[in-house]
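Q: Take my numbering: the final residue in the sequence shown is number 72, and no numbers are missing along the way.
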Amino acid sequence: DLYQKWRTLRDHPEYISLDGLHPSTLGYTQIANLFYQALT
33 DLYQKWRTLR DHPEYISLDG LHPSTLGYTQ IANLFYQALT
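1) Alpha carbon to alpha carbon, how far is H54 from Y47? Give it in angstroms, no decimals.
2) Can Q62 and L41 be called in contact, C-beta distance under 8 Å?
3) Enumerate in chain order the residues of its own chain whose CB-to-CB distance from A70 is below 6 Å, with the five nearest sequence positions on each side excluded.
4) Would you grab the beta carbon distance between K37 and L66 for me? Rounded to a whole angstrom, and I think it's under 8 Å.
So, in structure tokens, the structure goes:
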């Protein structure tokens, strides 16, 4: 369930960029990992 895993990402401020809206580099990496796990 990607939705539940996505919700856990928001609990990590280091995954959000300084603008407070977009993912940081680490956040994008975590999102990519979630999709990879869902597809494999």
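Ideal Cβ positions, reconstructed from N, Cα and C, are used throughout, including at glycine.
All values derive from a computational prediction rather than experimental measurement.
A: The relevant details are as follows:
1) Distance between the alpha carbons of Y47 and H54: 9 Å.
2) Yes, the Cβ-Cβ distance between Q62 and L41 is below 8 Å.
3) Result list for A70: L34, in chain order.
4) That pair is a contact at about 5 Å.
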